[in-house]
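>
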Amino acid sequence: MFIFNKQVRLLGKIINVEKNYMNIKTIKSAWILCLLLIVSYHGYSKKSEQSVWDTLPQANKLYDAVIDINGSGDYRELQQAIDHAPANRTKPWRIFIKNGRYNGLVRIPENKPYIYLIGQDKQKVIISFMINCGNPDNPKDNGRQYAKANFQQAECAAVVVDASDFYAENITFENAYGVQFKSGPQALAIRINKDRTAFYNCKFRSFQDTWRTSTKAVNDRTYADSCWVEGAVDYFYGGGNAYIENTTFYNVRGGSVIVAPSQKAGTQWGYVFNHCIIDGNKASADGRTKLGRPWHDEPIAVFLNTIIKIPLAPEGWTDMGPAAKLFAEYNSRDAAGIPIDLSKRRTWYQQSKGEGGQRITGLQAVLTEKQAANYTYQHVIKGSDGWDPVAFFKKPAAVEGLKRAAGGLKWQKSAGATGYIVYKNGQVINFAKKTFLKLDAKTAGDYTVSGVTGNGTLGNVSNTLSIQ
Numbered sequence: 001m002f003i004f005n006k007q008v009r010l011l012g013k014i015i016n017v018e019k020n021y022m023n024i025k026t027i028k029s030a031w032i033l034c035l036l037l038i039v040s041y042h043g044y045s046k047k048s049e050q051s052v053w054d055t056l057p058q059a060n061k062l063y064d065a066v067i068d069i070n071g072s073g074d075y076r077e078l079q080q081a082i083d084h085a086p087a088n089r090t091k092p093w094r095i096f097i098k099n100g101r102y103n104g105l106v107r108i109p110e111n112k113p114y115i116y117l118i119g120q121d122k123q124k125v126i127i128s129f130m131i132n133c134g135n136p137d138n139p140k141d142n143g144r145q146y147a148k149a150n151f152q153q154a155e156c157a158a159v160v161v162d163a164s165d166f167y168a169e170n171i172t173f174e175n176a177y178g179v180q181f182k183s184g185p186q187a188l189a190i191r192i193n194k195d196r197t198a199f200y201n202c203k204f205r206s207f208q209d210t211w212r213t214s215t216k217a218v219n220d221r222t223y224a225d226s227c228w229v230e231g232a233v234d235y236f237y238g239g240g241n242a243y244i245e246n247t248t249f250y251n252v253r254g255g256s257v258i259v260a261p262s263q264k265a266g267t268q269w270g271y272v273f274n275h276c277i278i279d280g281n282k283a284s285a286d287g288r289t290k291l292g293r294p295w296h297d298e299p300i301a302v303f304l305n306t307i308i309k310i311p312l313a314p315e316g317w318t319d320m321g322p323a324a325k326l327f328a329e330y331n332s333r334d335a336a337g338i339p340i341d342l343s344k345r346r347t348w349y350q351q352s353k354g355e356g357g358q359r360i361t362g363l364q365a366v367l368t369e370k371q372a373a374n375y376t377y378q379h380v381i382k383g384s385d386g387w388d389p390v391a392f393f394k395k396p397a398a399v400e401g402l403k404r405a406a407g408g409l410k411w412q413k414s415a416g417a418t419g420y421i422v423y424k425n426g427q428v429i430n431f432a433k434k435t436f437l438k439l440d441a442k443t444a445g446d447y448t449v450s451g452v453t454g455n456g457t458l459g460n461v462s463n464t465l466s467i468q
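The numbering of the sequence shown is the UniProt record's numbering, which starts it at 1 and goes up by one.
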């Protein structure tokens, strides 16, 4: 015990240094001593060695936290990183997620804005959980063993975002219940409860109610580009303003219904889908799939320049609650680019009894070119505060000139990059702030490098360098 106390005092001397004079060698020395303390006091084990070394400071760190299910990052689970992220940020807290299936609920609290999640590969970074909105005490409810009450949860979503200024890139958000059982009850992959949330190159997978947008404030905004949304029943639903572009909506059964908007009075734009694709599996191509149905309040949804690859019901829309305030299309085309006949699209809605019970007729189903031109990114998303999520995922130039150098690898500087990720055989092995990385003796493998922006966005990978 005397030796242990002496080591503690020595550690105190090492780390009790003015921050302005603390260099990386000093910090590493302190961490190495921490490791020695643990080994001497608790005894050596592979487990303790791995857990301590995994938290060592990284001189080339480009992200505020790194998640790796295999233990090479700062955390093994995403929720751990969220829990340790600072509150009340006004600039991004960047979390890099290495490839892996991360099974667990994720909750981002209201006091943690500006969380940016950057995945290595959207096909291989999967955030998943099996949960639904069923009643665990009702024997007639499908999958009641996965009901939210069994997990002490108020929401039946795998991921809930209660904070503003959330951004995600290269990630699959999945509710495994919907994906596996392909039935109700509701099983959300993600639920958004705040303004200014954005997604790029992400996938959202479930069956019923895959993605819920914010209904908290009238004009909360959601933006997505180059994503994939999968489901069968009301699988993009909620309120606020959403601008979704270059995104595929993939239907997994016949008679699917894609959107179920519920905009409150005063919502300016509602749901806007621009240059999106509607597709689906073989079962969905039965001619009964519909664009959407009105859920509550004053629903608004417009589809602009849509490529529709599966046959839809000629009427396009159907009833549920109120009459739609506006359900309309402009320039819808089939897979061959041929304009679709919109003359039979629904222009009336039968309100449910709870919404008045009246039949509302004479509604518009097709926008004019002039009307469609109003539904822009500038109007729907940038608004009065200039929020500009497209700037988040502006990629750096692809890295060029990767080659072997004395003791390591070197490459040319990438325009727009503030750092680099180095891969060996497709796996992340290190981060670099300069255009050189030292390699250890075990160098054989296929290497690539990608640039990283200040927001954490990944560029395209370089040429492959094979070292024998």
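Yeah, the Cβ is synthetic: ideal placement off N, Cα and C, and Gly gets one too. Just so we're clear, the structure is a prediction, and the values are computed from it rather than from any experiment.
1. Report buried or exposed for residue 469, applying the criterion of at least 16 other Cβ atoms within 10 angstroms of its Cβ.
2. Report the residue ranges of all beta strand (DSSP E) runs contained in full by the segment 237-319; include only those spanning at least 3 residues, in chain order.
3. Taking 8 angstroms as the cut-off, decide whether the C-beta atoms of residue 298 and residue 267 are in contact.
4. If you check the beta carbons only, do residue 398 and residue 419 fall under 8 angstroms apart?
5. On the premise that residue 306 lies in contact with residue 278, defined as a C-beta separation below 8 angstroms, what is that separation, rounded to the nearest angstrom?
6. In this structure, does DSSP put residue 358 in helix, strand or coil?
7. Any contact of the segment 145-160 with the segment 81-88, i.e. 3+ C-beta pairs under 8 angstroms?
8. If we ignore side chains and look at the alpha-carbon of each, how far apart do residue 204 and residue 352 end up?
9. Around the Cβ of residue 386, are there at least 16 other Cβ atoms within 10 angstroms (buried) or fewer (exposed)?
10. Distance check for residue 207 and residue 184, CA to CA, integer angstroms please.
11. Can you check whether the CB of residue 121 is closer than 8 angstroms to the CB of residue 95?
12. Grab me the residues of residue 192's own chain with a C-beta within less than 7 angstroms of its C-beta, minus the 5 sequence neighbours each way, in chain order.
13. For my contact list, residue 411 and residue 426 are in at a C-beta cut-off of 8 angstroms; report their separation, rounded to the angstrom.
14. Label residue 108 either buried or exposed according to how many other C-beta atoms from any shown protein chain fall within 10 Å of its C-beta, with 16 as the threshold for buried.
15. Under three-state DSSP, which class holds residue 389?
16. In whole angstroms, give me the CA-to-CA distance for residue 437 and residue 409.
17. With a 10 Å radius around its C-beta and 16 neighbouring C-beta atoms as the bar for buried, classify residue 343 as buried or exposed.
18. So, do the segment 353-360 and the segment 329-340 have three or more beta carbon pairs nearer to each other than 8 angstroms?
19. Note down, in chain order, each residue of its chain lying with its Cβ closer than 6 angstroms to the Cβ of residue 252, except the 5 sequence neighbours on either side.
20. Could you spell out the range, first to last residue, of the alpha helix (DSSP H) harbouring residue 178?
21. Please say whether residue 126 and residue 101 have beta carbons closer to each other than 8 angstroms?
22. Identify every residue that forms a DSSP beta bridge with residue 170.
23. Taking the alpha helix (DSSP H) that residue 91 falls in, what are its first and last residues?
24. Is it true that the CB of residue 323 sits closer than 8 angstroms to the CB of residue 360?
25. Taking its Cβ as the centre, do 16 or more other Cβ atoms sit within 10 Å of residue 403, making it buried, or is it exposed?
26. Helix, strand or coil: how does DSSP classify residue 131 here?
27. Quick one: is residue 91 buried, meaning 16 or more other Cβ sit within 10 Å of its Cβ, or exposed?
28. I need the boundaries of the alpha helix (DSSP H) containing residue 372, first residue and last residue.
29. List the whole-angstrom C-beta distance separating residue 164 from residue 196, where the pair is believed to meet the contact cut-off of C-beta under 8 angstroms.
Inspection of the coordinates gives the following:
1. The structure shown does not extend to residue 469, since the chain is modelled only from 1 to 468, so the question has no answer here.
2. 241-245, 248-251, 257-261, 271-274, 277-280, 290-292 and 300-304
3. Working through the sequence shown from its first residue, we reach residue 298 at position 298. Working through the sequence shown from its first residue, we reach residue 267 at position 267. Yes, Cβ-Cβ distance for residue 298 and residue 267 is below 8 angstroms.
4. Indexing the sequence shown from 1 puts residue 398 at position 398. Indexing the sequence shown from 1 puts residue 419 at position 419. In this structure, residue 419 does not lie closer than 8 angstroms to residue 398 by Cβ.
5. What you label residue 278 is simply residue 278 of the sequence shown in a count that begins at 1. What you label residue 306 is simply residue 306 of the sequence shown in a count that begins at 1. Sure, about 6 angstroms apart at Cβ, within 8 angstroms.
6. Counting from 1 along the sequence shown, the entry for residue 358 is found at position 358. Here residue 358 sits in coil by DSSP.
7. no
8. One-based indexing of the sequence shown puts residue 204 at position 204. One-based indexing of the sequence shown puts residue 352 at position 352. Spanning the two alpha carbons is a distance of roughly 30 angstroms.
9. Counting from 1 along the sequence shown, the entry for residue 386 is found at position 386. That one is exposed.
10. As a first step, residue 184 must be located in the sequence shown, where it is residue number 184. As a first step, residue 207 must be located in the sequence shown, where it is residue number 207. Computed Cα separation, rounded: 7 angstroms.
11. Numbered from 1 along the sequence shown, position 95 holds the residue referred to as residue 95. Numbered from 1 along the sequence shown, position 121 holds the residue referred to as residue 121. Taking 8 angstroms as the Cβ cut-off, residue 95 and residue 121 do not qualify as a contacting pair.
12. On the sequence shown, residue 192 is found 192 positions in, with the first residue counted as 1. Result list for residue 192: 161, 212, 213, 214 and 222, in chain order.
13. As a first step, residue 411 must be located in the sequence shown, where it is residue number 411. As a first step, residue 426 must be located in the sequence shown, where it is residue number 426. In fact, because the Cβ distance is near 17 angstroms, the residues do not count as touching under 8 angstroms.
14. For the purposes of this step, residue 108 is taken as residue 108 along the sequence shown, with counting starting at 1. Classification for residue 108: buried.
15. Taking the first residue of the sequence shown as position 1, residue 389 is located at position 389. Helix, per DSSP.
16. Within the sequence shown, the letter at position 437 stands for residue 437. Within the sequence shown, the letter at position 409 stands for residue 409. Near 5 angstroms, if we compare the C-alpha coordinates of residue 409 and residue 437.
17. Along the sequence shown, read from residue 1 onward, the residue named residue 343 stands at position 343. Its Cβ having fewer than 16 others within 10 Å, residue 343 is exposed.
18. no
19. As a working mapping, residue 252 is identified with position 252 in the sequence shown. Excluding sequence neighbours, residue 252 sits near 232 and 281.
20. Residue 178 sits at position 178 when you count from the first residue of the sequence shown. 176-181 is the span of the alpha helix (DSSP H), which, as asked, contains residue 178.
21. For the purposes of this step, residue 101 is identified with residue 101 of the sequence shown, where counting begins at 1. For the purposes of this step, residue 126 is identified with residue 126 of the sequence shown, where counting begins at 1. The answer is yes: Cβ separation under 8 angstroms.
22. Along the sequence shown, read from residue 1 onward, the residue named residue 170 stands at position 170. Looking at the DSSP assignment, residue 170 forms no beta bridge with any residue, so it has no partner.
23. Taking the first residue of the sequence shown as 1, we reach residue 91 at position 91. No alpha helix (DSSP H) holds residue 91; DSSP gives it neither H nor E.
24. The count along the sequence shown starts at 1 and reaches residue 360 at position 360. The count along the sequence shown starts at 1 and reaches residue 323 at position 323. For residue 360 and residue 323, yes; Cβs fall inside 8 angstroms.
25. Position 403 of the sequence shown holds residue 403. That one is exposed.
26. Position 131 of the sequence shown holds residue 131. Coil.
27. The residue you call residue 91 lines up with position 91 of the sequence shown. The residue is exposed, with fewer than 16 neighbouring Cβ atoms inside 10 Å.
28. Numbered from its first residue, the sequence shown carries residue 372 at position 372. From DSSP, the alpha helix (DSSP H) with residue 372 extends over 369-372.
29. Taking the first residue of the sequence shown as 1, we reach residue 164 at position 164. Taking the first residue of the sequence shown as 1, we reach residue 196 at position 196. Yes, they are in contact, since the Cβ atoms of residue 164 and residue 196 sit about 5 angstroms apart, within 8 angstroms.
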